[in-house]
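First up is the structure itself, then whatever we jot down about it.
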Amino acid sequence: MKAPKTLRNVAVDRELMVDMYRKMLFFRRFEERANLAYTQQKFSGFCHLHIGQEALNVGVQTCLQPDDYVISGYRSHTQAIAKGIPAQKVFAELLGKSEGCSSGKGGSMHMFSKEHRFFGGHGIVGGQAPLAVGMAFKVNYEQENSIVVCYLGDAAMNQGQVFEAMNIAATWKVPVLFIIENNLYGMGTAIHRTTSIDHLYKRALAFDMKHSMIDAMNVLTVYEHMKSTVAFVRKNKEPFLVEAMTYRYKGHSVSDAGTYRTKEEVEEYQKRDPILQLQEDLARLDFADDDAFKAWDKEIREQVKEAEAFAEASPPPDERELWTNVFADET
Amino acid sequence: MKTMTIREALGEAMQEEMERDPKVFLMGEEVAEYDGAYKVSRGLLKTFGPKRVIDTPISEGGFAGVGVGAAMAGLRPIVEMMTWNFAIQAFDQIINHAAKMNYMSGGQFPVPIVFRGPNGAAHMLSAQHSQNLDPLLTNVPGLKVISVANPSDAKGLLKSAIRDNNPVVFLESEMLYALKGEVPEGEHLIPIGQGKLCQEGNDVTIVSWGKISRVAIEAVSQLAEQGVSCDLIDLRTLVPMDEALVFASVRKTHRAVIVEENWPFASVGAQISDRIQHECFDDLDAPVERVSQEPVPVPYSEGLEHLALPSVDKILAAVKRVTYKS
Ligand SMILES: Cc1ncc(C[n+]2csc(CCOP(=O)(O)OP(=O)(O)O)c2C)c(N)n1
Ligand SMILES: [Mg+2]
């Protein structure tokens, strides 16, 4: 029998690595297509992309169970897909179509799917943190085996409600995993200009909350860390905070000139591109070669195009939908 | 006269008032190094430096309160809210603290502060980013509320707001920042509390303010082509309101249509309508009509969003109703 392959002393699994690679690539291509559709004026408003930050989403959500809860901010197209919402429904939501995952009423910032336990993209910075604690409260209340993942931006950590939510989570011991996507900026403001500490995991110290910091440009690092972290939260039913160091390549929203950072800085991170890193690992381990990478990319580009085509073909919401859902149905 | 955008007019107002009074300073998200999320504060950091043009964390409740405290202690803050949707985070400081301090302290602690930023729907930003908060803010005694829709008013009223000794809520619109118009040269102040008769007519009084008044202007010109002449009033200040201007017009036309980008329940339009029926009861030839936003959260989808907001067609229909032409 052949010894299992290892990478940086960790046993690796081809199937898992290929799966994560293909997911990251899919999310990259999806966001590129969303970006294009926005510039082609197929939709309007805001469009916050995750390009550059794929490793975190994939590394985290590969560790989740279908009945786990995920909640996030306005930058969450691909987190929604990772939780199981079909890409075509996310794309249809971008275009404000009736078959979008929020029936065209939410848009780019507000992906929702009860079925997939994706509890929303939320537009008010930090507003999702108390909601996440409420979901985790329900998990304990009903003695479920789920956990709640709450994504937050670095800059969201300065919102008062986030502080309040974390204190409640730690005091009441509810299973919520706060993941800070630290991409170093809140819009055009570098996080160090608005925050007194050098690293945001330190906020957890104020609540005696378990915490960690990871390099979220490498999907294997994220995955290895999250496997144990997710298991910890599930087992101990208490909150945990992960500061995930990442970087967004594109502007805050599509219409952002990016004058607050240098081209060199962006390029520095692009050298550590999460997809590229995994591609190199796959090649080094002989798990895949250039032909495979090319074939996957072609296949994925087709899938994304199909998602867009579905979205474009989907009808806009009926005018009567203006009046539905203002209140819940009577039962 | 100089031609400039609303964006430039607001920037100039802040610039002039900061030159005039060293106690005036500006803070908010992205106002300094990024020149403002909507570039209203462009150049101010360069002119006044980081002591007086300050980037804040995304902590609306926190920095609004810091502003109130600084104002109580004698400074004159301008607090930019990236949009009023986010200022909801700061409603505790605006409503519980700024609005009440002077009264509660028996007049010892006035709060000379301006909270300013865009209000209302822009385009396809969905429910959490498209709210018009006029009714919530005008409901609170102790707050002055201004809503501007052209460069001259923007400049003249922002300067007055900065000089006012009270908390002033100053409502702008993303959609109007690029709108150009003439602004008088030199010192240009418009008193708080004065509405403006923008167009004169005899058949119907149309009362509006803020961004949606641009839609009312369009409706009025279409009505003129149909032979219906309107008085068009831009209130400019909601609190204190220039009721005399409204009443005088209604006494002339005997008909009123209020055009607001508010949800209709307990809205500013409802307030105006109440005041008209009370003060002009014998002058009215038709019930006062209101064109409001539909009472639903603003939807994302372009078609639905359009249906949710006031439109020229809705205004024309309301005018038909008050003139009994429908
Ligand atoms: C309460 C509130 N204030 C301001 C905004 C405007 N805004 C949207 S995103 C953002 C920056 C947030 O940065 P961060 O939390 O780091 O997340 P990122 O966008 O980097 O993913 C700001 C200021 C908002 N949506 N909500
Ligand atoms: Mg960030």
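Residue numbers (this note's numbering), protein chains in the order written: chain S, 1 to 331; chain W, 1001 to 1326. Every residue gets a Cβ at the ideal spot worked out from N, C-alpha and C, and that includes glycine.
Residue W:ASP1134 holds the alpha-carbon nearest to the alpha-carbon of W:ALA1266 among W:ARG1076, W:ASP1134, W:MET1124, W:LEU1309. Within a 10 Å sphere around the beta-carbon of W:PRO1240 sit fewer than 16 other beta-carbons, which makes this residue exposed. Ranked by Cα distance from W:ALA1098, the first of W:VAL1148, W:CYS1230, W:VAL1169, W:GLY1028 is W:VAL1169.
Of the other Cβ atoms in all chains shown, fewer than 16 fall within 10 Å of the Cβ of S:LYS173; this residue is therefore exposed. Rounded to whole angstroms, the gap between the alpha carbons of W:ALA1032 and W:ARG1042 is 8 Å.
For a Cβ distance threshold of 8 Å, residue set THR194 of chain S lies close to W:THR1056, ordered along the chain. Counting C-beta atoms within 10 angstroms of its own C-beta, S:TYR141 has fewer than 16 neighbours from the protein chains shown and is therefore classed as exposed. Between W:ILE1192 and W:ILE1146, the C-beta spacing is below 8 Å. Excluding residues up to 5 positions away in sequence, GLN161, ALA165 lie with their Cβ nearer than 6 Å to the Cβ of S:PRO130 in the same chain.
By the criterion of a C-beta distance shorter than 7 Å, S:VAL133 is surrounded in its chain by ALA165, ILE168, ALA169, VAL174, VAL176, once the five residues flanking it on both sides are discounted.
Cα atoms of W:ASP1164 and S:PHE30: separation of roughly 51 Å, rounded to the nearest angstrom. Remark: the shortest separation between the CB of S:ALA283 and any heavy atom of ligand 1 does not fall under 7 Å. With its beta carbon less than 8 Å from one in chain W, S:LEU322 belongs to the interface.
Interface criterion met: the Cβ of W:PRO1299 is under 8 Å from a Cβ in chain S.
Check the Cα spacing between S:PHE310 and each of S:GLY96, S:GLY123, S:GLY258: the tightest is with S:GLY96. The segment 1268-1281 of chain W and the segment 1089-1104 of chain W do not touch, with fewer than 3 CB-CB distances between them shorter than 8 Å.
Among the residues of the segment 1120-1147 of chain W, those with a Cβ less than 7 Å away from any Cβ of chain S are HIS1123, MET1124, LEU1125, SER1126, GLN1128, HIS1129, in the order of the chain.
The beta carbon of S:GLN277 lies closer than 6 Å to those of ASN218 in the same chain, with the five residues before and after it left out.
Taking 9 Å as the Cβ-Cβ cut-off, the segment 1061-1087 of chain W approaches chain S at GLY1061, GLY1062, MET1082, ASN1085, PHE1086, given in chain order. Per DSSP, reduced to three states, the secondary structure at W:VAL1066 is helical.
The DSSP assignment places 219-236, 263-271 as complete runs of the alpha helix (DSSP H) inside the segment 197-281 of chain S, in order along the chain (cut-off: 4 residues). Apart from sequence neighbours up to five positions away, the residues of its chain that approach W:GLU1182 with a beta-carbon distance below 6 Å are MET1001, THR1003, ordered along the chain.
W:TYR1177 does not reach chain S, its nearest Cβ partner there being about 14 Å away, counting only Cβ pairs nearer than 7 Å.
Remark: C-beta atoms of W:VAL1288 and W:ILE1212 do not approach each other more closely than 8 Å. For W:ASP1153, the CB contacts under 7 Å within the same chain, skipping 5 residues up- and downstream, are ILE1190, ARG1236 in chain order. Fewer than three Cβ pairs drawn from the segment 252-261 of chain S and the segment 192-199 of chain S lie within less than 8 Å of each other, which leaves the two stretches out of contact. Between W:PRO1167 and W:ILE1006, the CB-CB gap reaches or exceeds 8 Å.
With 6 Å as the limit, the residues whose C-beta approaches any heavy atom of ligand 2 more closely are S:GLY153, S:ASP154, S:ALA155, S:ASN183, S:TYR185, S:GLY186, in sequence along the chain. Taking C-beta separations shorter than 7 Å and ignoring five residues to either side along the sequence, the partners of S:HIS116 in its chain run LYS83, GLY84, ILE85, following chain order. Taking the beta carbon of W:VAL1296 as reference, the chain S residues within 8 Å of it are LEU322, TRP323, VAL326, listed in sequence order.
For W:ALA1122, there is no enclosing beta strand (DSSP E), as DSSP gives it neither H nor E. Where W:PRO1077 is concerned, there is no enclosing alpha helix (DSSP H), although the beta strand (DSSP E) around it starts and stops at 1076-1080. Taking 8 Å as the cut-off, the Cβ atoms of S:ILE300 and S:ARG22 count as close.
For S:SER44, the closest Cβ of chain W is nearer than 8 Å.
Contacts between W:SER1059 and chain S, judged by CB atoms closer than 7 Å, involve ASN158, GLN159, GLY160 in chain order. The segment 226-245 of chain S and the segment 1063-1079 of chain W do not touch, with fewer than 3 CB-CB distances between them shorter than 8 Å.
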